[in-house]
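Trainee: Next up is a structure, given as structure tokens.
Number of protein chains: 2
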Amino acid sequence: MNSVLESEIVQLHAEICAGLADPNRILILYELSQSPRNVTELSTNLKMAQPLVSRHLKILRERRMVVAKRHGTVVEYTLADRRLIKALDLLRAVLRDGLSKHAELADALA
Amino acid sequence: MNSVLESEIVQLHAEICAGLADPNRILILYELSQSPRNVTELSTNLKMAQPLVSRHLKILRERRMVVAKRHGTVVEYTLADRRLIKALDLLRAVLRDGLSKHAELADALA
DNA sequence: CAAGAATATACGGATATGTGCATATAGGCA
DNA sequence: TGCCTATATGCACATATCCGTATATTCTTG
Numbered sequence: 010m011n012s013v014l015e016s017e018i019v020q021l022h023a024e025i026c027a028g029l030a031d032p033n034r035i036l037i038l039y040e041l042s043q044s045p046r047n048v049t050e051l052s053t054n055l056k057m058a059q060p061l062v063s064r065h066l067k068i069l070r071e072r073r074m075v076v077a078k079r080h081g082t083v084v085e086y087t088l089a090d091r092r093l094i095k096a097l098d099l100l101r102a103v104l105r106d107g108l109s110k111h112a113e114l115a116d117a118l119a
Numbered sequence: 010m011n012s013v014l015e016s017e018i019v020q021l022h023a024e025i026c027a028g029l030a031d032p033n034r035i036l037i038l039y040e041l042s043q044s045p046r047n048v049t050e051l052s053t054n055l056k057m058a059q060p061l062v063s064r065h066l067k068i069l070r071e072r073r074m075v076v077a078k079r080h081g082t083v084v085e086y087t088l089a090d091r092r093l094i095k096a097l098d099l100l101r102a103v104l105r106d107g108l109s110k111h112a113e114l115a116d117a118l119a
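Chains A and B, in that order, give the protein sequences. Take any residue in the first sequence, note its place counting from 1, add 9, and you have its number in my numbering. Take any residue in the second sequence, note its place counting from 1, add 9, and you have its number in my numbering.
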């Protein structure tokens, strides 16, 4: 395969990963994994300032990790792909196992 | 669960994700998924400057995503957990499906 | 111990990221 | 139209990330 394309793909791959690489976005994604939510709901449930939520949602939208749908004045966000949660769960499992030494945190994850 | 611990865990979770969030590190991880490699091998195979490889390996080491083992003057790096590759593959699949519109890249990924 | 190979780190600079605060935009409705 | 609610964006700033180049460190072997 063309190596220009190859590196372009790796770049996009990294951008998806970067989409997961922030605590607030992880919380947003898990929240959306329960059910679609609008910005205000996310903001109150996660105790995050509304502009902050909006900006993180923008990042996730640009990477097509969430989908936005307007209903009047409300915008409902949906998880674009369940495999994002699957990946997050896998990584959390890796974390848990790699943490077997730090008793406190490991217990909390058990 | 204690919410201080909770947010500490989410923080670590995000750091693992950030470990994946760079094209060069993705290449390194996939290379290591084939078999353990030393720094020079990674550097030549991936055509990356040696200090660059070392620094990325340090990041992966700190997050316990790879394991280093010295053999004399050579340091052999091993993937710490296969699930990291599983997660990367999942995310690449998400990327492929989300890209169905961009024919060129989508083809390259097929 | 000296010399060489393999690996790691320090420094400097360019760019990116996360955030608070203020403000803009968009849609519904009196 | 004017107002209210919901959401998005601009600005400013602090911090983090990535990288090239040069240099340090570590280990082996003569």
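Just so you know, even glycine gets a beta-carbon here, dropped at the ideal spot from N, CA and C.
Rounded to the nearest angstrom, what separates residue 28 of chain B and residue 80 of chain A at their Cα positions?
Mentor: Here residue 28 of chain B is taken as the residue at index 19 of the second sequence, counted from 1. Here residue 80 of chain A is taken as the residue at index 71 of the first sequence, counted from 1. Each residue's Cα considered, the two are about 37 Å apart.
Trainee: Got a sec, what are the start and stop residues for the beta strand (DSSP E) residue 78 of chain B sits in?
Mentor: Numbered from its first residue, the second sequence carries residue 78 of chain B at position 69. 75 to 80 is the span of the beta strand (DSSP E), which, as asked, contains residue 78 of chain B.
Trainee: Let me confirm a value: residue 88 of chain A is counted as buried when at least 16 other C-beta atoms fall within 10 Å, else exposed. Which label applies?
Mentor: Within the first sequence, residue 88 of chain A is the residue found at index 79, counting from 1. Buried.
Trainee: Grab me the residues of residue 84 of chain A's own chain with a C-beta within less than 8 Å of its C-beta, minus the 5 sequence neighbours each way, in chain order.
Mentor: Residue 84 of chain A sits at position 75 when you count from the first residue of the first sequence. The residues are 47, 48, 77, 78.
Trainee: Quick one: complete alpha helix (DSSP H) runs, 4+ long, within the segment 21 to 51 of chain B?
Mentor: 32 to 43
Trainee: For residue 13 of chain B, count neighbouring Cβ atoms within 10 angstroms of its own Cβ and tell me buried if that reaches 16, exposed if not.
Mentor: By 1-based counting over the second sequence, the position of residue 13 of chain B is 4. The residue is exposed, with fewer than 16 neighbouring Cβ atoms inside 10 Å.
Trainee: Here's the rule I'm using: 16 or more other beta-carbon atoms within 10 Å means buried, otherwise exposed. How should residue 58 of chain B be labelled?
Mentor: Locating residue 58 of chain B in the second sequence gives position 49, counting from the first residue. Answer is exposed; the Cβ neighbour count stays below 16.
Trainee: Which chain A residues are close to residue 16 of chain B, counting only those with a beta carbon under 8 Å from its beta carbon?
Mentor: Position 7 of the second sequence holds residue 16 of chain B. Taking a Cβ-Cβ threshold of 8 Å, the residues of chain A close to residue 16 of chain B are 32, in chain order.
Trainee: Starting from residue 87 of chain B, follow its DSSP beta bridges and name the residues at the other end.
Mentor: As a first step, residue 87 of chain B is located in the second sequence; it is residue number 78 there, counting from the start. Residue 87 of chain B is bridged to B:76.
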